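Right, one structure below, let's go through it.
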Amino acid sequence: MISTKWPPAMHATNASCELRQNSSGSWTLTLNGRLDADSTAVLWKDLHTQLRHGKVSALEVEASGVEYCDGAGASLLQFLSLGGVLAAEAKPTFHGLRPEFLKLIERLSAEDYRKHRPAVSRRAPVLEHVGRSAVALAQGTKAELSFIGEVTAGLGRNMTRAKAMRWGEIGRVFERAGVDALPIISLISLLVGLIIAFEAAAPFAMFGAQIFIANMLGIIMAREMSALMTAIILAGRSSSAFAAELGTMKVNEELNALTTMGLDPVRFLVVQRLVAGVLLAPLLTIYSICVSIMGGVLVMVAMGFPLITIYNQMAQSVHCADLLIGVSKGVVFGALIAGIGCLRGLQTKQGPSAVGESTTRAVVASILLVIVADAVIAVLLYFLRI
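Using the numbering used here, you'd call the opening residue of the sequence shown number 173 and step up by one each time.
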């Protein structure tokens with residue numbers, strides 16, 4: 173007869189196990205004491221090893237000596253009852269186990285759990301979606317209001333002290349976001365002016381009013397299209413660049429370094445970009461107005477209209493108020509684009525894809541806010557009859 177008894181004396185426990193092989197080749201496991209969390213943790217690993225290495229195929233469990241059994245002990249007995257540790261995957265036979273302990277094991281039945289466990293819906297309830305969206309909206313609004321307050325305070329401090337404004341940084345932003353954007357703005361503005369003039373030629377010709385293409389082109393470009401085209405280009409170039417720059421600095425913990433040195437990141441980095449955006453967007457809008465009108469003029473000249481006639485038509489229809497509206501839209505759009513780009517950059521999280529996600533969010537949010545702001549301004553101008 174082979175007999176193994178554990179745990180060893182070095183382990184202080186209230187339970188003991190003895191595994192012995194009978195002369196008939198079967199094995200008997202004798203359990204004694206209290207099967208609680210402490211004792212079960214000591215016995216479990218050794219019991220599993222002994223049953224595996226002993227190649228036990230037939231097992232009888234003598235449990236009459238078990239005085240106490242809690243959830244941990246019941247898990248051990250359930251583990252034995254499944255027979256997964258036996259060589260032939262046979263079910264062991266229990267002897268002397270108290271009825272209350274048997275009921276506890278039955279409660280841990282895997283089949284019973286699968287039968288009675290509640291069905292988990294893969295789709296979250298509608299109210300949960302609404303609640304999460306409301307919380308996210310509230311948190312986003314709070315962050316944006318806080319950002320606006322910080323930018324306003326930083327801008328006020330920099331304006332009261334001219335030396336605090338980093339004009340060199342503003343100049344560099346002008347070069348990257350403005351001068352470098354002139355080719356793409358020129359191409360898009362010229363093509364849009366050409367397209368609008370071409371598309372309007374056929375309908376206007378039906379009424380013999382092709383000369384009024386100049387009126388339409390001047391008003392559309394001065395009041396609406398040039399500011400909108402410029403804003404969308406800046407959203408794709410400058411807003412994404414601001415978000416990527418500040419996001420990379422945050423991931424590399426450079427913003428934390430600035431804070432440690434006593435420098436406010438908003439005042440040191442954001443204010444300059446915001447000022448550059450507010451000053452740059454209206455200038456690019458004026459440039460876009462000129463180039464887009466040139467594109468339309470080329471089409472009208474090709475139709476046989478003299479330049480002086482085209483000029484007189486535009487001068488009669490386009491007023492200073494129209495130009496001021498377009499430039500004012502440029503100021504608003506520039507502030508939105510620069511602010512959203514910087515905000516998304518400061519909100520960048522950690523991770524390999526964090527900067528890319530912030531850049532995408534900045535571009536999408538900038539274009540969306542530009543369209544919304546343009547719609548609001550259009551409604552206000554309509555009711556103000558401007």
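Note that CB positions come from ideal geometry on N, CA and C, so glycine has one too. In this text the structure is predicted, and so the values were computed from the model without any measurement.
For residue i, write down the residues that DSSP places opposite it in a beta bridge.
i	result
C241	L207
S188	N204
Can you tell me whether DSSP reads residue i as helix, strand or coil?
i	result
V233	strand
S525	coil
H267	strand
A380	It should be pointed out that residue 380 corresponds to Gly in this sequence rather than to Ala. The answer is coil: DSSP assigns G380 none of H, G, I, E or B.
D436	coil
Q519	coil
H220	helix
V542	helix
N424	coil
V503	helix
F477	coil
R533	helix
R557	coil
A550	helix
V442	helix
V471	helix
V214	helix
V490	coil
Y285	Only weak support is given to the placement of Y285: the predicted model assigns it a pLDDT of 49, under 50, and the value that follows is read from those uncertain coordinates. Reduced to three states, the DSSP call for Y285 is helix.
Quick check on the burial criterion: 16 or more other C-beta atoms within 10 angstroms. Buried or exposed for residue i?
i	result
S318	exposed
V351	exposed
A487	exposed
I357	buried
S361	buried
F379	exposed
G390	buried
L248	buried
L559	Only positions 173 to 558 of the chain appear in the structure, and residue 559 is not among them; the question remains open.
F273	buried
C492	exposed
A474	exposed
F555	exposed
M421	buried
V544	exposed
M331	exposed
V298	exposed
G303	exposed
T212	buried
L309	exposed
I368	buried
I482	buried
L441	buried
D527	Asp is not the amino acid found at residue 527; the sequence shown has Val there. Label assigned to V527: buried.
L552	exposed
R395	buried
L215	buried
R557	exposed
Between the beta-carbon of residue i and the beta-carbon of residue j, is there less than 9 Å?
i	j	result
F505	T432	no
S253	P264	yes
A235	L203	yes
R192	T200	yes
A507	A547	no
S410	G513	yes
R407	V499	Looking at the sequence itself, residue 407 is Ala, so the reference to Arg does not match. No.
L354	L470	no
S530	G517	yes
V536	L446	no
C241	L219	no
G365	S464	yes
I392	Q485	no
V233	F266	yes
T532	V423	no
F346	A534	no
I539	G502	no
A467	A510	First, the amino acid is wrong: residue 467 is Gly here, not Ala. No, they are not a contact pair.
A315	L479	no
With hydrogens ignored, establish whether the beta-carbon of residue i is closer than 8 Å to any heavy atom of the ligand NAD.
i	result
V323	Annotation note on the ligand NAD: not contained in the displayed structure, which lists no ligands.
### Task
Jot down the residue ranges of each uninterrupted alpha helix (DSSP H) in the stretch 382-414, minimum 4 residues, whole runs only, in chain order.
385-392, 398-406
### Query
Considering only residues of the stretch 295-353, which uninterrupted alpha helix (DSSP H) runs meet the minimum length of 4 residues and lie entirely inside it, listed in chain order?
Entirely contained in the stretch 295-353, the alpha helix (DSSP H) runs reaching 4 residues are, in chain order, 298-332, 339-345.
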